[in-house]
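Following: one structure in structure tokens, then a few remarks.
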Amino acid sequence: ASQLVHVAWGTSSRITAEMACQLDALKRNKKWKYFINLTGQDFPLKTNIEIVRILREFNGQNDIMNTREVHLNRLFYVHKDIADVVVNTYTLRTDPLPKNINVRRGDLPCALSRQFVQYLHHSDAGKDWLKWLDKSSFPEESFYHSLASTSSVPGGPGPRDVSQIISRVNSWSIDNQTCNGERVNRVCIYTWEQLPWLTRQPHLFANRFDASRDGLVLRCLEEALNRRTYSPVAFNTGVYKIFAETRLLNSTEQSWQILA
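Note that this note's numbering has the sequence shown beginning at 1, numbered continuously upward.
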């Protein structure tokens with residue numbers, strides 16, 4: 001990145017770092033259509049060409065989950081970054097929310113259209129909202145999510161629940177999803193036992209993996225991706241087009257599955 005950012009957990013530096021990467025991407029390449037943010041514990045379930053073909057069916061829609069409960073204390077009390085630790089001062093904020101902001105909260109992983117990314121960087125609404133969030137904690141859970149719920153914003157509108165998101169699948173205890181492995185911070189760490197389930201999912205990526213706990217699941221998924229990369233199989237993009245139009249997801253349907 002042309003701009004290095006020191007990232008402190010729970011502060012706006014997380015957004016600042018990501019936006020620095022977005023700005024570099026906007027300047028260097030005029031052709032990309034989607035920005036997908038990944039973590040070190042994500043792994044693809046689809047090959048590169050499969051991801052491209054799926055996102056083409058979205059026709060500029062964002063894929064952002066934004067229906068988690070809003071934590072008012074994180075937003076409306078002044079927070080400060082003291083030695084890389086977010087501290088709540090318990091001082092109520094007096095500055096109003098920016099105009100037309102409907103506060104939403106969701107999971108950070110998402111797929112953002114190029115038009116939406118440009119809006120974040122060049123619109124007054126995007127700049128004002130980022131500035132306002134600077135005094136909050138964990139603003140990365142609300143920045144994209146609130147802007148994307150506005151009907152006039154490119155790639156919207158939302159809200160969208162976790163069941164209406166295709167870019168990432170994970171197993172949260174709060175969503176009552178099963179887990180054969182261990183849960184860390186309420187999120188399932190996948191193991192080889194969940195390979196049949198993972199390979200049936202229509203999503204682009206899965207989270208969360210830990211090679212030190214179970215490397216076999218990653219090796220098996222990588223082998224499946226390599227096989228489909230060099231020996232492509234029939235792939236039904238029509239169901240993704242329908243999903244983009246309806247946002248109805250049934251991951252058990254045979255039509256989602258790739259039969260390699």
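Don't be surprised by glycine CBs; every beta carbon is placed ideally from N, CA and C.
Next item on the list: Leaving out five residues on either side along the sequence, give the residues of the same chain with a beta carbon under 6 Å from the beta carbon of S137.
Entry: Scanning its chain for C-beta atoms nearer than 6 Å, with the 5 sequence neighbours on each side dropped, one finds around S137 the residues G10, R74, H79, V86, in chain order.
Notebook entry, point to check: Candidates E193, H203, N207: which alpha carbon is nearest R186's?
Noted result: Cα-wise, what sits closest to R186 is N207.
Check: P196 lies in the beta strand (DSSP E); which residues open and close that run?
Finding: If you look at P196, you'll find it isn't in any beta strand (DSSP E); it sits in the alpha helix (DSSP H) that goes 195-200.
Check: Do Q41 and F205 have their C-beta atoms within less than 8 Å of each other?
Finding: No, Cβ-Cβ distance for Q41 and F205 is not below 8 Å.
Check: Would you call the CB atoms of G106 and I51 closer than 8 Å?
Finding: Annotated as distal: G106 and I51, with beta-carbon spacing of 8 Å or more.
Item checked: Reduced DSSP category for A20 - H, G, I as helix; E, B as strand; rest coil -> Assignment of A20 by DSSP, reduced to helix, strand and coil, places it in the helix class.
Margin query: Could you compute how far the alpha carbon of R160 sits from the alpha carbon of R56?
Written below: One C-alpha to the other measures close to 19 Å.
Notebook entry, point to check: For N62, does the count of other Cβ atoms within 10 angstroms reach 16, so buried, or fall short, so exposed?
Noted result: It is buried - the Cβ of N62 has at least 16 other Cβ atoms within 10 Å.
Note to self: If the criterion is Cβ atoms closer than 8 Å, does the pair R168 and H145 meet it?
What the structure shows: No. Outside cutoff.
Item checked: A244, enclosing alpha helix (DSSP H) - first and last residue -> According to the DSSP assignment, A244 belongs to the alpha helix (DSSP H) that extends over 238-246.
Checklist line | Nearest to A111 (by Cα), restricted to the options G238, D24, E18, D81 | finding: The residue with the shortest Cα to Cα distance from A111 is E18.
Margin query: Could you check whether I49 and T237 sit closer than 8 Å to each other, using their CB atoms as the reference points?
Written below: Not a contact, by the Cβ cut-off of 8 Å.
Next item on the list: Taking only the alpha-carbon atoms, compute the straight-line gap between C220 and A211 and give it to the nearest angstrom.
Entry: Going by the C-alpha atoms only, they are around 12 Å apart.
Margin query: For the structure I just gave you, are there three or more beta carbon pairs, one from the region 81-101 and one from the region 186-200, closer than 8 Å?
Written below: With a cut-off of 8 Å, the region 186-200 and the region 81-101 do not count as touching, because too few Cβ pairs lie within range.
Notebook entry, point to check: Based on Cα-Cα distance, which residue from Y90, R68, H71 lies nearest to Y77?
Noted result: Of the listed residues, the one whose Cα sits closest to Y77 is Y90.
Check: Which runs of the beta strand (DSSP E) spanning at least 3 residues fall entirely within the region 82-116, listed in chain order?
Finding: Runs found: 85-92, 111-113.
Next item on the list: Pick helix, strand or coil for P139, following the three-state DSSP scheme.
Entry: When secondary structure is reduced to three states using DSSP, P139 falls in the helix class.
Next item on the list: Report the three-state DSSP secondary structure of R227 (helix, strand or coil).
Entry: DSSP places R227 in helix when its eight states are reduced to three.
Next item on the list: Return the chain-ordered list of same chain residues with a C-beta closer than 7 Å to the C-beta of V7, the five sequence neighbours on each side being excluded.
Entry: S13, R14, A17.
Next item on the list: Starting from the Cα of G60, find the closest Cα among S163, D128, K33 and give me that residue.
Entry: Comparing Cα positions, the closest option is K33.
Margin query: For T178, tell me which candidate among W197, R227, H121 has the shortest Cα-Cα distance.
Written below: The residue with the shortest Cα to Cα distance from T178 is W197.
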